[in-house]
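Student:
There are 2 protein chains.
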Amino acid sequence: MQQHSQNFPFKRKPRTIQRTVNRANGASRPVLTKPALAPMPMGVGKHKLRVAIVGGAEEVGRNMTMVEYGKDIILIDCGLQFPEEDQPGIDYIIPNVSYLKGREKDLKAIIITHGHYDHIGGIPHLSPILHHPPIYGTKLTNGIINKRQEDFPDKGRIDLREINVDQPLQLGIFTVEFFRVNHNIPDCVGIIVHTPEGTLVHTGDFKFDLMPIMDEVTDFAKIANLGKQGVLALMSDSTNAPSPGHQISESVIGFTLDDIFRKAHGRIIVGTFASLLNRLQQVIWVSEKYGRKVVIEGFSMKSNIEIAKQLGYLKVNAKTIITPQEAVRLPDDKVTVMCTGAQGESNAALMRIATREHRFFRIQKGDTVIFSSSVIPGNERTVQRLKDTLLKEGARVIHYEMMDVHAGGHAKAEDLKLLFRLLNPKYIIPVEGNRFLLEASKQVAMEVQWPEEHVFVTTNGQIMEFSGGEGHLTKEKIPSDYVMVDGLGVGDVQEVVLRDRQLMSEDGMFVIIVTIKTQTGELIGTPDIISRGFVYMKDAKHLIDEARDKVKRICDNKNPDSGAVNTQLIKNKLRDDIGQFLFQKTQRRPMILPVVIEV
Amino acid sequence: MQQHSQNFPFKRKPRTIQRTVNRANGASRPVLTKPALAPMPMGVGKHKLRVAIVGGAEEVGRNMTMVEYGKDIILIDCGLQFPEEDQPGIDYIIPNVSYLKGREKDLKAIIITHGHYDHIGGIPHLSPILHHPPIYGTKLTNGIINKRQEDFPDKGRIDLREINVDQPLQLGIFTVEFFRVNHNIPDCVGIIVHTPEGTLVHTGDFKFDLMPIMDEVTDFAKIANLGKQGVLALMSDSTNAPSPGHQISESVIGFTLDDIFRKAHGRIIVGTFASLLNRLQQVIWVSEKYGRKVVIEGFSMKSNIEIAKQLGYLKVNAKTIITPQEAVRLPDDKVTVMCTGAQGESNAALMRIATREHRFFRIQKGDTVIFSSSVIPGNERTVQRLKDTLLKEGARVIHYEMMDVHAGGHAKAEDLKLLFRLLNPKYIIPVEGNRFLLEASKQVAMEVQWPEEHVFVTTNGQIMEFSGGEGHLTKEKIPSDYVMVDGLGVGDVQEVVLRDRQLMSEDGMFVIIVTIKTQTGELIGTPDIISRGFVYMKDAKHLIDEARDKVKRICDNKNPDSGAVNTQLIKNKLRDDIGQFLFQKTQRRPMILPVVIEV
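If you read the sequences in order, they're chains W and U.
Numbering of the first sequence is given in numbering that gives the first Met the number 0, commencing with residue 0 and proceeding in unit increments.
Numbering of the second sequence is given in numbering that gives the first Met the number 0, commencing with residue 0 and proceeding in unit increments.
1. Round the Cβ separation of Gly54 (chain W) and Ser440 (chain W) to the nearest angstrom and send it over; I've been treating them as touching at under 8 Å.
2. Which residue wins for smallest C-alpha separation from Cys77 (chain U), given the options U:Ala56, U:His118, U:Glu57?
3. Pro185 (chain W) touches chain U at which residues, Cβ-Cβ below 9 Å?
4. Taking C-beta pairs closer than 7 Å, name the residues in chain W that Phe435 (chain U) reaches, listed in chain order.
5. Under 8 Å between the Cβ atoms of Arg49 (chain W) and Ile462 (chain W)?
6. To the nearest whole angstrom, what separates the beta carbons of Ile93 (chain W) and Leu125 (chain W), a pair I think is in contact under 8 Å?
7. How would you list, in chain order, the residues of chain W whose beta-carbon sits under 8 Å from the beta-carbon of Ser504 (chain U)?
8. From this set, U:Asp153, U:Lys154, U:Thr140, U:Ile172, which residue's C-alpha is nearest Ile162 (chain U)'s C-alpha?
9. Examine the Cβ distances between the stretch 238-258 of chain U and the stretch 203-216 of chain U and report whether three or more of them are shorter than 8 Å.
10. Give me the chain W residues within the contact set of Ile569 (chain U), using Cβ-Cβ distance strictly less than 9 Å, ordered along the chain.
11. For Asn24 (chain U) and Val269 (chain W), what's the separation of their Cα atoms in angstroms?
12. Determine the chain U residues that contact Pro478 (chain W) at a beta-carbon separation under 8 Å, and present them in chain order.
13. Given a threshold of 16 other Cβ atoms within 10 Å of its Cβ, counted over all protein chains shown, does Ala412 (chain W) qualify as buried or as exposed?
14. For chain U, is any of its Cβ atoms less than 8 Å away from the one on Tyr535 (chain W)?
15. Quick one: list the residues of chain W neighbouring Met508 (chain U), beta-carbon separation under 8 Å, in chain order.
16. Relative to the C-alpha of Arg156 (chain U), which residue among U:Pro127, U:Gly136, U:Leu168 is closest?
17. So, does the CB of Thr514 (chain U) fall closer than 8 Å to a CB anywhere in chain W?
18. How should Gly520 (chain U) be labelled, buried or exposed, when 16 other C-beta atoms within 10 angstroms of its C-beta is the threshold for buried?
19. Going by C-alpha distance, which of W:Gly343, W:Gln342, W:Glu344, W:Glu325 is nearest Val336 (chain W)?
20. Mapping DSSP to helix, strand and coil, what is Pro133 (chain U)?
21. With burial defined as no fewer than 16 other Cβ atoms inside 10 Å of the residue's Cβ, what is the status of Phe298 (chain U): buried or exposed?
22. Residues bridged to Gly488 (chain W) by DSSP?
23. Could you tell me whether any non-hydrogen atom of the ligand NAP is closer than 7 Å to the CB of Phe509 (chain U)?
24. Could you tell me the alpha carbon to alpha carbon distance between Asn145 (chain W) and Gly171 (chain W), rounded to whole angstroms?
25. Measuring only the C-alpha atoms, how far is Ser235 (chain U) from Val456 (chain U)?
26. Identify the residues that DSSP records as bridge partners of Gln603 (chain W): which are they?
27. In the DSSP assignment, find the unbroken beta strand (DSSP E) run with Ile515 (chain W) in it and report its ends.
28. Quick one: residues in its chain with C-beta nearer than 6 Å to the C-beta of Ile529 (chain U), no 5 flanking neighbours on either side, listed in chain order?
29. Rounded to a whole number of angstroms, what is the C-alpha to C-alpha distance between Pro593 (chain W) and Leu275 (chain U)?
30. Below 7 Å CB to CB, which residues in the same chain sit around Gln363 (chain W) once its five sequence neighbours on both sides are set aside?
31. So with CB distances below 7 Å, who are the chain U contacts of Gly486 (chain W)?
32. Check the Cβ-Cβ distances between Pro376 (chain W) and every residue of chain U, and say whether any is below 8 Å.
33. By Cβ distance, which residues of its chain are closer than 6 Å to Glu84 (chain W), with the 5 residues on each side in sequence left out?
34. Identify, in the order they occur along the chain, each residue of the same chain with its Cβ nearer than 6 Å to the Cβ of Phe260 (chain U), setting aside the five sequence neighbours on each side.
35. Could you name the residues of chain W that Ile596 (chain U) contacts, counting a contact when the two beta carbons are closer than 9 Å?
36. Output yes if chain W places a C-beta closer than 8 Å to the C-beta of Met463 (chain U); else output no.
Next comes the structure, spelled out in structure tokens:
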């Protein structure tokens, strides 16, 4: 498989210069000229290049992109997604890889862009299913993947390999290169895949940060050169596409934090994501500057800091980090508590501190609590309740809306325009976002004159085909349904299970147990009734007694013509009649489970 | 009880002029002068005036304020609140009125500020509990209350009386007056309660709107005069206190809608709240202007429009509103669909249209969908999914974030400052908001130089006492716990029921039924296992068989020394051992319900 190199024959294919006026939203705009494209590789192979966003095109999370040419396949990222409200009890959702069933040997590698769970979280579950293909990541990314793998000792050994950013990889027919990008965790890469049909670029999560923290600046030269050589299609991060302007540098956070720290006289408690390593670094630096020691609270935060420190991605003085026991003996203005739980997670450190359930810390007047992360959609109400509790306990609460303590990790509209201009891809495929975000990316591309038909807003699993320099979005779909992880089960929780959970969470359940003599149909003893989540049983004695009487009458009312007991008939009648009775009495519809025991 | 009139002896009580510099957030501000207060009524009574926010001080919703002097009590508003995520199956939450138990005859009236459910929704449930006190509302408000009452035919007849805004009411010792305010439904009033200890003012929900739609302008003269006479305490709407600047006039929405309607060539679908009557009016007007007929989809919207039309609060041409059957026969550019469901509610019209489940309408290319309401915190993700579906179906989606199609119904920071300056109350009590919003109101008051100790940020049920012109926030609390309405039950769903619902929604449940001979302890037949929401039973046959074997072994393992069966012991053992077994196999913890039948 080494006969293909990255030097495909190039053939100049001049493209018509676009002079259309974009009339989206009915607004007239100045006529911009889209520059003619650089040389574009022409298709030479006998196959079509097939690309699909397996996960991350209709949701935020579980990112995975598939690139296929002939028999060869590579995957980019292998993430997880957190469940929606109508998926109770589910731990998370991972990409569907059933298209690869039976083709595990064709899968040349999984390439990981960076160490966040929405890009690596599927690995422990999917690596064994895929027969442990080589997984490529940068040093820090691999550190985090390895650490997480410790939680899954039974899943087999993954084949993790380190990326050298300056060293191309040959993966079957594909030559893969990398370029450094910035995000809010160090050591992120964008991926360049040279194929017989042209070059694909995948940004992963990225922002342009001219003053990054503990990270190298985006490799603009490599990106620009790539643009000169010709890019067939660009898959780019859509997360912040609806936001106008440029993303703020992570360094700017440092100025705001500095201002807060300079003025605070009590303890400072910073809630943020365990995975925002650059932010953790800044909180450590500013604490050191103002003579504060730092306590880390939260398991995942501790372990991320440990990994990053070991691998040299976090700089911290030897004496800065202390234990909670040491912290409680220090004056308040010498302490920073850096903790998880800024999303209002019920068991995380910040919530336990707020509700006085933390072993060492509780809120006292004079505390400043900084929420240094954006709120994940859907968590607004929970975060609001957490803030209310903190305020009630006497803390001063600073959120990024009130002061600028958050710079996002994702490119905004103007950043995307710069990327598009630098790379100059023929096709743009917005990735990493739900439909709304992908459409916003498309609007951005159209604002800089990409023709609408060259921007593919795809659904999960939809195949995009490229051949002879032309691409199109086909109607073919590979499987992309949700695969739900619940405890040890992967994909075993199906719709019916979720529906039952939801039903029971609405009005509870009502189990009726009757014992009947098989031969005669005679009811033995009193029917048992167990109910949970329906009514408070102690207060509902009368209702339950009435229901029990009704059950007795139903069971006695057996068909005198038939000698044998028809249990199914009795069950159906119990379900229907008792269900109706309870609804009429309570306007609730508990799940009714009739059990008929024959003795 | 008529001996007290509203003309209390006034005594000038000059107050020190404040010249403090507000240093909140460490910012230095220009030194503002708080004007000396107007004459302040002095306490003459033998009782203290007691005020409590019964509901709506730690949440958004279920608004109720209690005013008590001696034996006399009045309530302001009687709302409901929608449940949180950790309250599955609950319909809504209403105020706790147990403080009034046994004192129903002391309750002189419930006064309603306006016809929104967070102000009237508790009436059907609480009016009978309170022995049907007089309930006062304006004409439109009463129309909505009466309409809702039709859903509760068994709750008894409420004693609803109409407010004449210019006519004071004598309610026990209290003289109550009204002043017109604006909101996003017509016919809203603020409430003035003259008490022996001074005058209280309650704004209800309000905004200042100089160009209101189908409504009178706020009565500034009455407010200013009241301020001159002296106000003891002001309870004011905090909903939008964190937003800087002034609220936009509802009329401005009309300009934006006009622009969208003028440019749209296909159908226009407007999703909004059924209760935003002013918005519905504007959509009707702009539709009429552009020759579109309007279909109303959504039961509550239809009924609100019907009430408002009948009472003269909505103007619509005789032929504007058409049926869906008529609409589908018209050209697309002649149709507006105005519907409920802009919050992503699963059964509302907009969702059914998006998911192709609506009887008459489904999305087609060329449709413009306008979300004309803000997103209630917590609904962000659901709304996002709805928008994604609409986009996928081919609609153009306009939300208020993208274009200004939403003007809120609540005063922003600068509006509050104007109110404070006009009314000049001695004390300010922010109401109608969670802690975060109340604190934001307090910040606003402090920015215009109210001393911190004159702004009461109260918790639900906390008694504020006023006597001799001085007020303070006591530590006394009257009951204010959540009262949950679930179907026909009011307050019968308690924590234990909710906890069970949550447990079952996480990992489902697992019922084990064994039949045992009482005398010998011998197991009869095979144990029955019923499980829902735990695993997909068809795929888990092996697991269930293993569990059943384990159940058999547990039941056989009876104590040979004891003749009689100890069912409790068996039940406990089943619960513990099978629970542990299932957790070990699946990492899930279903609720285990062992049933032992003795025969």
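Think of the CB as a built atom: it goes at the ideal place given N, C-alpha and C, for glycine as much as any other residue.
Tutor: Answer, in terms of the structure:
1. Contact flag wrong, Cβ pair sits at about 17 Å.
2. U:His118
3. Within chain U, no residue comes near Pro185 (chain W); the closest Cβ sits about 30 Å away, beyond 9 Å.
4. Gln383, Lys386, Asp387, Leu390
5. yes
6. Right, the Cβ-Cβ distance comes to about 6 Å (below 8 Å), so this counts as a contact.
7. Annotation: Cβ neighbours of Ser504 (chain U) in chain W (cutoff 8 Å, chain order): Pro87, Gly88, Arg500, Gln501, Met503, Ser504.
8. U:Thr140
9. Touching, yes, given that three or more Cβ pairs across the two stretches are closer than 8 Å.
10. The contacting residues do not exist; Ile569 (chain U) stays about 15 Å from chain W at best.
11. Its pLDDT being 41, under 50, Asn24 (chain U) is placed unreliably by the model, and the measurement read from it follows with that caveat. So the two alpha carbons sit approximately 17 Å from each other.
12. Neighbours of Pro478 (chain W) across chain U, judged by C-beta separation under 8 Å, do not exist; the nearest C-beta is about 18 Å away.
13. buried
14. yes
15. Met503, Met508, Arg531
16. U:Pro127
17. yes
18. In summary, Gly520 (chain U) is buried, with 16 or more beta-carbon neighbours lying within 10 Å of its beta-carbon over all protein chains present.
19. W:Glu325
20. strand
21. exposed
22. W:Asp485
23. This structure does not include the ligand NAP; it has no bound ligands of any sort.
24. 25 Å
25. Cα-Cα distance, rounded: 11 Å.
26. No statement about residue 603 (chain W) is possible, as the shown extent of chain W runs from 0 to 598 and does not include it.
27. 508-515
28. Val510
29. 46 Å
30. Hits under 7 Å: Gly393.
31. Thr585, Gln586, Arg587
32. Yes, Pro376 (chain W) lies at the interface with chain U (some Cβ there is under 8 Å from its Cβ).
33. none
34. Val285, Tyr289
35. Ile512, Thr514, Ile523, Gly524, Asp527, Ile596, Val598
36. no
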